[in-house]
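32 is the number that the numbering used here gives to position 32 of the sequence shown; each next residue is one higher, with no gaps.
Here a beta-carbon is modelled for each residue, glycine too, at the ideal position from N, C-alpha and C.
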Amino acid sequence: MASTGVAGRTWLAAGNNSAATLVVAIMTTIGIIGAGNIGSQVARKAIENGYDVVISNSRGAETLAELVAELGPKATAGTSAQAAEAAEVAVVTVPLNAYADVPVEQLAGKIVIDTNNYYFERDGHIAALDNGETTVTGMLQKHLPTSRVAKGFNHITAADITADSFPTGDPARRALATASDFADASAFVTKLYDEFGFDTVNIGPLEESWRVERDRPAYGIRQTTAELEANLAKAPRTV
Ligand SMILES: NC(=O)c1ccc[n+]([C@@H]2O[C@H](COP(=O)([O-])OP(=O)(O)OC[C@H]3O[C@@H](n4cnc5c(N)ncnc54)[C@H](OP(=O)(O)O)[C@@H]3O)[C@@H](O)[C@H]2O)c1
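Have a look at this one:
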């Protein structure tokens with residue numbers, strides 16, 4: 001008997017002659033494109049939660065040797081294309097001005113989590129974002145038309161990903177937002193947030209994801225589910 005979670009772990013339960021049941025976990029490999037503040041922190045929490053990780057940057061695997069040594073045997077480094085190819089689920093966490101370099105073919109059919117934010121000081125001005133005609137993650141979805149993109153980890157400071165997690169049900173637990181045009185993609189982010197120690201507020205489709213972009217009330221602050229819902233509701237479309 002096999003049951004498959006939402007793009008998550010597949011649990012195979014096979015009966016044998018003595019009627020005992022063997023349960024084998026096939027872990028999900030997370031491919032991480034970008035190995036900076038957020039990419040390295042997501043890698044740490046993913047490995048803590050049993051995932052395999054293939055991580056990449058722009059300069060080559062050899063420049064990630066120290067990080068991979070710290071992460072241990074469940075981590076390897078590669079090119080962006082190799083991380084995308086190995087990924088069952090991918091995380092894109094490069095500066096927004098590099099999003100067009102994200103491999104398209106290797107991510108086809110896969111869930112892709114986008115951590116990106118728009119900093120015109122770093123990324124240059126993008127008129128469609130300045131005018132409120134699109135969203136940061138909507139741009140990545142357009143670049144990856146055959147992937148199922150979800151927003152994730154964009155409004156938490158990198159250090160807090162490992163420092164501010166709480167068990168399910170703890171009243172102090174912090175909430176993070178997601179958004180996607182694909183239900184299984186937002187469901188996967190919800191599952192990952194929960195495993196990492198955070199509650200989820202699902203904003204809905206990507207066209208609403210501006211609610212958690214930079215300079216909106218929910219951006220960067222610590223909040224519970226109720227507080228995050230209230231901050232998302234009062235966000236202005238352009239800032
Ligand atoms: N820092 C935070 O607390 C935080 C919080 C939430 C969201 N974010 C957002 O998440 C994204 C990543 O932020 P970060 O702080 O982690 O950035 P970062 O520390 O500057 O790291 C960026 C990573 O992307 C890699 N990269 C750059 N261009 C690439 C390309 N063309 N192909 C493959 N890899 C490339 C860099 O590799 P090289 O070093 O080899 O160039 C580096 O490993 C940004 O959009 C940021 O706004 C950041």
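Are the CB atoms of residue j and residue i within a distance shorter than 7 Å?
{"i": "V248", "j": "A61", "result": "It is not possible to answer for residue 248, since the shown part of the chain is limited to 1 through 239."}
{"i": "Y51", "j": "I30", "result": "yes"}
{"i": "N49", "j": "A35", "result": "no"}
{"i": "D175", "j": "T225", "result": "It is worth fixing the name first, because residue 175 is Ala in this sequence and not Asp. Taking 7 Å as the Cβ cut-off, A175 and T225 qualify as a contacting pair."}
{"i": "N154", "j": "N131", "result": "no"}
{"i": "A108", "j": "T137", "result": "no"}
{"i": "Q41", "j": "I161", "result": "yes"}
{"i": "A43", "j": "I55", "result": "yes"}
Quick one: is residue i buried, meaning 16 or more other Cβ sit within 10 Å of its Cβ, or exposed?
{"i": "E105", "result": "exposed"}
{"i": "K142", "result": "exposed"}
{"i": "T115", "result": "buried"}
{"i": "Y99", "result": "buried"}
{"i": "T93", "result": "buried"}
{"i": "E88", "result": "buried"}
{"i": "A230", "result": "exposed"}
Write down the C-beta distance between residue i and residue j rounded to the nearest angstrom, noting that I regard them as a contact closer than 8 Å.
{"i": "V91", "j": "G39", "result": "7 Å"}
{"i": "A159", "j": "F166", "result": "Wrong, their Cβ atoms sit about 16 Å apart, outside the cutoff."}
{"i": "V189", "j": "D215", "result": "With 8 Å as the limit, V189 and D215 do not qualify as a contact, their Cβ atoms being about 22 Å apart."}
{"i": "T135", "j": "L228", "result": "The pair is not a contact, with the Cβ atoms about 18 Å apart (cut-off 8 Å)."}
{"i": "A248", "j": "P103", "result": "Outside the modelled stretch of the chain, which goes from 1 to 239, sits residue 248, for which no answer is possible."}
Worksheet item: At a cut of 8 Å, does the stretch 179-187 reach the stretch 141-150 through at least three beta carbon pairs?
Response: yes
Fill in: Contained alpha helix (DSSP H) runs [length at least 4] in the stretch 118-158, N- to C-terminal order
120-123, 127-130 and 136-143
Discussion item. Under 8 Å: do the stretch 70-77 and the stretch 192-209 share three or more Cβ pairs, one atom per stretch?
Written reply: no
Discussion item. Check whether the stretch 218-226 and the stretch 182-189 are in contact - that is, three or more C-beta pairs closer than 8 Å.
Written reply: no
Worksheet item: Would the stretch 78-87 and the stretch 116-123 be scored as touching if the rule is three or more Cβ pairs under 8 Å?
Response: no
Worksheet item: Which ranges does the alpha helix (DSSP H) cover as unbroken runs of at least 4 residues, wholly within the stretch 173-235, from first to last along the chain?
Response: 183-196 and 225-233
Worksheet item: Where in the stretch 20-87 do unbroken runs of the beta strand (DSSP E), each at least 3 residues long, occur, reported from the N-terminal end onward?
Response: 21-26, 29-33, 52-56 and 75-78
Discussion item. Would the stretch 200-218 count as touching the stretch 228-238 if we require 3 or more Cβ pairs under 8 Å?
Written reply: yes
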